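Remarks on the structure that follows.
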Amino acid sequence: MFDGKTVLITGGTGSFGRCCVRTLLERYKLKRLIVFSRDELKQYEMQQVFKAPQMRYFLGDIRDADRLSQAMRGVDYVIHAAALKQVPAAEYNPMEFIKTNINGAENVVKAAIENGVKKVIALSTDKAVNPINLYGATKMVMEKLIVAANNIAGGLQSRFAVVRYGNVIGSRGSVVPLFKKLVAEGTKELPVTDPRMTRFWISVQEGVDFVLKNFARMQGGEVFVPKIPSMRITDLVKSFGEDLKMKIIGIRPGEKLHELMIPAEASHLTLEFTDFYLIQPPIHTFGKPDYQHLPTGEVGRQVVEGFEYRSDTNPVFLTVEELRRLGAE
1 MFDGKTVLIT GGTGSFGRCC VRTLLERYKL KRLIVFSRDE LKQYEMQQVF
51 KAPQMRYFLG DIRDADRLSQ AMRGVDYVIH AAALKQVPAA EYNPMEFIKT
101 NINGAENVVK AAIENGVKKV IALSTDKAVN PINLYGATKM VMEKLIVAAN
151 NIAGGLQSRF AVVRYGNVIG SRGSVVPLFK KLVAEGTKEL PVTDPRMTRF
201 WISVQEGVDF VLKNFARMQG GEVFVPKIPS MRITDLVKSF GEDLKMKIIG
251 IRPGEKLHEL MIPAEASHLT LEFTDFYLIQ PPIHTFGKPD YQHLPTGEVG
301 RQVVEGFEYR SDTNPVFLTV EELRRLGAE
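Structural data, given as structure tokens:
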């Protein structure tokens, strides 16, 4: 569906953006592929790797509505990946996260509608569910903005959806690169906030593939949640070496022991498909789509009342060996 089309990725120089650019260039014959981000050094470095004639690099911040609207001229599809993401940083710098994650998302919606963008998928996180930290709260509001955008667009062609998933293996600022660095420096112990901690775990490539598939599935207003494994922090430490010890440093500001991707309160809205869940919007969206029967031919079924999708009760956990293999990639 991307052949001959123009795609824009906000935050396109991040871990997700780089993987998404490579994937789109390898699989499709795009008309244009636009990377929109504010870091000129990362854009310069990316230009040395991705030199295809359809590539375009736009310097800009999603806080700047005019620049964002300019970048979306003639764009068919938008992947909204730009965000501030570090949980502790959000607790100390709340207004900065609000400006980027909430106000920036509003600008994405307005620019997409103004320019007749066909479809927008915004990236979210398990931390948006029942949030206890500022970062999660901003992503929860972002999700609400994206869902409501379908009514704002009304009879215009723009449609909006959300993809929500867990921790991304090896992304910048995540625990795997930190552990790798410490092990390379010869450490005998790794810092762990709490040994009971569990997390949902997904690779960057799996995240990219899931997002791209959902452009064909979406009708507007959905939150797509992939079925992915969980991991125990104690198993992650073992994957770096059975002789390594844990240094318990305590829960960080705004951190949870376990993550929640679908709360029980949303079970009445949740449909289960073969390898993902779809959370229907709690409000009526324009056109009243049939979310149980997708344009791809996939058919979902209603989950049981009270169903939850939690990292600690997830039926699938990664083994130490699987974590070791993933960490080496």
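The sequence shown: position 122 = 122 (full-length UniProt numbering), numbered continuously.
Ideal placement from N, C-alpha and C gives every residue a C-beta, glycine not left out.
This structure is a prediction, so every number in the text was calculated from the model and none was measured.
query: With burial defined as no fewer than 16 other Cβ atoms inside 10 Å of the residue's Cβ, what is the status of residue 280: buried or exposed?
result: buried
- request: Answer with buried or exposed for residue 76, where buried requires no fewer than 16 other C-beta atoms within 10 angstroms of its C-beta.
  value: buried
field: Helix, strand or coil at residue 224 [DSSP, three-state]
entry: strand
message: Taking the alpha helix (DSSP H) that residue 24 belongs to, which residues open and close that run?
response: 15-27
task: Please go through the same chain and pick out, in chain order, the residues whose beta-carbon is closer than 7 Å to the beta-carbon of residue 296, but skip the five residues on each side of it.
output: 216 and 217
Anticipated Cβ contact below 8 Å, residue 145 with residue 81, distance rounded: Incorrect: roughly 15 Å between the Cβ atoms, too far for contact.
task: Please confirm if the region 98-112 is in contact with the region 62-76, defined as three or more CB-CB distances below 8 Å between the two stretches.
output: yes
- request: Could you work out which residue in 152, 168 and 1 is closest to residue 109 when comparing CA atoms only?
  value: 152
- request: Per DSSP, which residues does residue 271 bridge with? Please list them.
  value: 278 and 302
query: For residue 192, which residues does DSSP report across the bridge?
result: 248
task: Ignore the nearest five residues each way along the sequence and tell me which others in residue 269's own chain have a CB closer than 7 Å to its CB.
output: 279, 280 and 282
- prompt: What first and last residue would you give for the beta strand (DSSP E) that runs through residue 125?
  reply: 119-125
field: Nearest neighbour of residue 129, chosen from 267, 306, 276 and 259 [CA to CA]
entry: 259
- prompt: According to DSSP, which residues form a beta bridge with residue 161?
  reply: 121
Three-state class that DSSP yields for residue 313 in the structure shown: coil
Entirely enclosed alpha helix (DSSP H) segments - the region 79-136, minimum 4 residues: 87-92, 94-97 and 104-114
message: Give me, in chain order, the residues of the same chain whose beta-carbon lies closer than 6 Å to that of residue 67; leave out the 5 immediate sequence neighbours on both sides.
response: 60
message: Please report the straight-line C-alpha distance between residue 185 and residue 57, rounded to a whole angstrom.
response: 36 Å
task: Going by CA-CA distance only, name the one from 55, 154 and 147 that's closest to residue 163.
output: 147
query: What do you get for residue 291, buried or exposed, if any count of 16 or more other CB atoms within 10 angstroms of its CB means buried?
result: buried
- prompt: Alpha carbon to alpha carbon, how far is residue 141 from residue 243?
  reply: 43 Å
- prompt: Does the beta-carbon distance from residue 36 to residue 71 come in below 9 Å?
  reply: yes
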